[in-house]
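Have a look at the structure below before the remarks.
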Amino acid sequence: MIDRYRWYELVLIYAGILLTLIFLLAPFLEAFMVSLRPLEMIFRIPYRFFTDDMSVDAYVAMWSSVPDLPLYIFNSFFIAVSVTVLALACIIPAAYAVSRFTFFGRDAILAAFLGINMIGAAVLIIPLYKLMLSAGLLNTYLAMIIPGAAFSVPTGIFLMRSYFLRIPRELEEAAYVDGAGRLYTLWRVILPVSLPGIMVVAITTFIAAYAQQFLFALTFNAVDEYNPLPMGLYQFFGRERVLWNELMAASLTGILPVLLVYLFLQRHIVAGLTSGAVKE
Amino acid sequence: MGQLKLNALVKRFGSAEVIKSATLDIANGEFVVFVGPSGCGKSTLLRMIAGLEDVSGGTIEIDGRVVNDLAPVERGIAMVFQSYALYPHMTVYENIAFPLRVAKAPQAEVDRRVRQAAEVLQLTTRLEHRPGQLSGGQRQRVAIGRAIVREPRLFLFDEPLSNLDAALRAEMRLELSRLHAQLGNTMIYVTHDQVEAMTMADRIVVLQGGVIEQVGTPLELYHKPANQFVAGFIGNPKMNFLPATGVGTTEAGVQLRLFNGLELVVPVDGVVAAGEVLTVGIRPDDLLPSDAPGIQVIPEVIERLGNVSICYADAEGGISVNLVAGGLADLARGKPVNIGIDPACCHVFRSDGSALVRRFNITLARDKPHALA
């Protein structure tokens, strides 16, 4: 593509990008700065950005202030991974069905999925509580995993369906002519070919599940050992004071697993979102 | 064995009848090409034979067994698709081996047959590559390889060369003809390109609007088209169609008057009434500038190809006439020229499009000397 921007246009573009980035990243930066300060110095007036008393003490102290912190981080990760696996197990067959077969009510189901997406989880929290209660699932991991998966399935089906629709039909017909059954074809041909798409769905589901678990944990779980990180962070709220610096340190540490997963898989995301856009 | 018989085969999509009662016999070892304009139903017909489309009426028999309700693999067919449909995540070896893996063949058997197919298709050095690393022609050969390992009774090709460039297409045509001679299987090949049809086929099936218009050898279709559609479809450049009226029938053939008043006696069988509306067809190759009785035309575009000159010209009354003259023919844009018409080269069609049978025996002989040679 031809570079057709003048210098002042470039300056404007970069200024816009910078502004957006500041807006997005400033909370994280401030959280990071808070985590480096001693507790007494956090609300210092006047505000100073860099100070001499900065240290990483909070990152050490947090493990002893809240001894169960590793467990909470593990729980968060475990719940998000379980949600992803469960959701994918539902999304892939469903998306394949709606992309390849015509059956009664198919379009109605798709429309319903879209509609359900518009209703937030918070609206359904009381009915869900009743459901969990009668199913005897309250205070278990499942109480946090099942709703998490359920809420990510509709979006996942839409994403995955559009990916399946791009896979040429002839690929399946060729396998069929060669004697392969539907399931064999799905397993040996369609799934490997759609791996980038599956990656995109897996990552978006994982991130959504990681971010969304607070609500379900707060409502459906009272057992401390099953709590994910967002609930565990409440332990930093003491009777007299809140350990803000350690709270921020623990929050940032809690983001790390997601960040690692994202870094590891990001080339799949980019490949998945752009593949098929240009004729190869 | 690979003998195919279609019996009053019908295909409907909703209320639209895409294939209208197709009846056809294909002998073992034949190379048959289905040809026709796009939307004529040739691909649908092939997909019905393959078992990818179900049959709305009639029967498909392979080796005397009705296969209407059998899965493709039970019919003993193998198919090569237009887009090759290779599995991008598998190596060439695994692509070719796929049908054998499905059939759970033992590894030794798989290895033997894949290597044998690769040998035939000159892919031995490419077995560990992925389809993405191959050229168009090589991908096509992998797709053919996947078809051969099954050792099918019937090979089906759905426009396999249309994604290749012209030079490679000519090369692959040759390779396919060679492959057919080597394997001796029955092959059915779908194309919209009449050159592919003419060059490879033992017999050509011309389709239009879901109807089989004519079945015959390439030379039969060229010299004795059954109707005006086949006459116009086979041959390049297209046959010229000139309006004419019937005068009468004589011992020597049909007497008619061309649009410019020229009277001809064309050696065809049949009876025409005086005043009957007819169309005379004559191939561009059979027209040459000469002083013989014929028609006066004004060349509009002249394409000099070196060995021949293709001339697009207008005759009186706005009738366009194409002719293929010698490479150095004395033709110029806008300069009127007389072209002779040899009645023996003419085809005569009635107003419903059907042809009067030419009195012409297709015998292979030494070429007639070219006019300018």
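Chain order of the listed sequences is C and A.
Numbering of the first sequence is given in our numbering, commencing with residue -18 and proceeding in unit increments.
Numbering of the second sequence is given in our numbering, commencing with residue 23 and proceeding in unit increments.
Ideal Cβ positions, reconstructed from N, Cα and C, are used throughout, including at glycine.
Just so we're clear, the structure is a prediction, and the values are computed from it rather than from any experiment.
Are any of the Cβ atoms in chain A nearer than 8 Å to that of Gly160 of chain C?
yes
Which residues, in order along the segment 124 to 152 of chain A, keep a beta-carbon less than 8 Å from a beta-carbon of chain C?
Val124 and Ala125
Among C:Ala78, C:Met43, C:Tyr(-14) and C:Pro19, whose alpha-carbon lies nearest the alpha-carbon of Gly235 of chain C?
C:Met43
How many angstroms separate the CA atom of Asp133 of chain A from the CA atom of Leu143 of chain A?
The C-alpha of Asp133 of chain A lies about 15 Å from the C-alpha of Leu143 of chain A.
DSSP bridge partner residues for His369 of chain A (one or two, in chain order):
A:Gly303
Within 10 angstroms of its Cβ, does Asp352 of chain A collect 16 or more other Cβ (buried), or is it exposed?
Residue environment: Asp352 of chain A is assigned as exposed (fewer than 16 neighbouring CB atoms within 10 Å of its CB, all protein chains considered).
Compare the C-alpha of Leu286 of chain A against each of A:Gly297, A:Ile363 and A:Phe251 and name the closest.
Minimum Cα-Cα distance from Leu286 of chain A among the listed residues A:Gly297, A:Ile363 and A:Phe251 corresponds to A:Ile363.
Contacts of Val181 of chain C in chain A (Cβ-Cβ under 9 Å)
Residues of chain A passing the Cβ test: none, with the nearest at roughly 17 Å.
C-beta neighbour in chain A for Pro177 of chain C, strict 8 Å:
no
Beta-carbon gap between Asp180 of chain A and Val102 of chain A smaller than 8 Å:
yes
According to DSSP, residues forming a beta bridge with Leu286 of chain A
Looking at the DSSP output, Leu286 of chain A shares a beta bridge with A:Leu278.
Pairing CB atoms from the segment 191 to 199 of chain C with CB atoms from the segment 95 to 107 of chain C, are three or more of them under 8 Å?
yes
Which residues, taken in chain order from the segment 89 to 104 of chain A, show a beta carbon closer than 8 Å to some beta carbon of chain C?
Of all residues in the segment 89 to 104 of chain A, the ones placed with a Cβ closer than 8 Å to any Cβ belonging to chain C are Ala93, Pro94, Val95, Ile99, Ala100, Met101, Phe103 and Gln104, in chain order.
Within a Cβ cutoff of 8 Å, which residues of the same chain sit near Val348 of chain C, ignoring the five residues on either side of it in sequence?
The question about residue 348 of chain C has no answer here: the residues shown for chain C are numbered -18 through 261.
Would you identify the three-state DSSP class for Gly257 of chain C, choosing helix, strand or coil?
Residue placement at Gly257 of chain C cannot be trusted, given a pLDDT of 45 that sits under 50; what the coordinates show is reported in the next sentence. Three-state DSSP puts Gly257 of chain C in coil, outside helix and strand.
Taking 8 Å as the CB-CB limit, is Leu67 of chain A close to chain C?
no
At a Cβ threshold of 8 Å, is Ala395 of chain A touching chain C?
Bear in mind that a pLDDT of 39 at Ala395 of chain A, under 50, signals an unreliable position, so the number given afterwards is only what the model happens to contain. By this cut-off, Ala395 of chain A is not an interface position.
Kindly indicate which residue of A:Val164, A:Ser312 and A:Val323 has the alpha-carbon position closest to the one of Glu150 of chain A.
A:Val164
What is the DSSP secondary structure of Asn98 of chain C, reduced to helix, strand or coil?
helix
When you compare only the Cα positions, how much space is there between Ala192 of chain A and Gly36 of chain A?
If I take the Cα positions, the gap works out to 39 Å.
Would you check if the distance between the CB atom of Gly158 of chain A and the CB atom of Leu190 of chain A is smaller than 8 Å?
yes
Three-state secondary structure assigned by DSSP to Arg87 of chain A
strand
Within-8 Å CB hit, Ala337 of chain A to chain C
For Ala337 of chain A, the nearest beta carbon of chain C is not closer than 8 Å to its own beta carbon.
Buried or exposed for Asp34 of chain C, please, with buried defined as at least 16 other CB atoms from any protein chain shown within 10 angstroms of its CB.
Answer is exposed; the Cβ neighbour count stays below 16.
Excluding sequence positions up to five away, which residues of its chain have a Cβ less than 7 Å from the Cβ of Thr136 of chain C?
Asn98
Identify, in the order they occur along the chain, each residue of the same chain with its Cβ nearer than 8 Å to the Cβ of Leu26 of chain A, setting aside the five sequence neighbours on each side.
For Leu26 of chain A, the CB contacts under 8 Å within the same chain, skipping 5 residues up- and downstream, are Leu46, Asp47, Ile48, Ile71, Ile82, Glu83, Ile84, Leu176, Thr208 and Ile210 in chain order.
Residues in its own chain within less than 6 Å of Ala106 of chain C by CB, not counting five upstream and five downstream?
Note that residue 106 of chain C corresponds to Ile in the displayed sequence, not to Ala. Around Ile106 of chain C: Thr200.
For the segment 38 to 76 of chain A, which segments carrying the alpha helix (DSSP H) assignment without a break, of at least 4 residues, lie completely within its bounds, in sequence order?
64 to 72
Give the straight-line distance between the Cα atoms of Ser43 of chain A and Lys64 of chain A, rounded to the nearest whole angstrom.
13 Å
Residues bridged to Ser342 of chain A by DSSP?
Paired residue(s): A:Asp336.
One or two residues paired with Lys126 of chain A in a DSSP bridge:
For Lys126 of chain A, which the question treats as bridged, DSSP gives no partner whatsoever.
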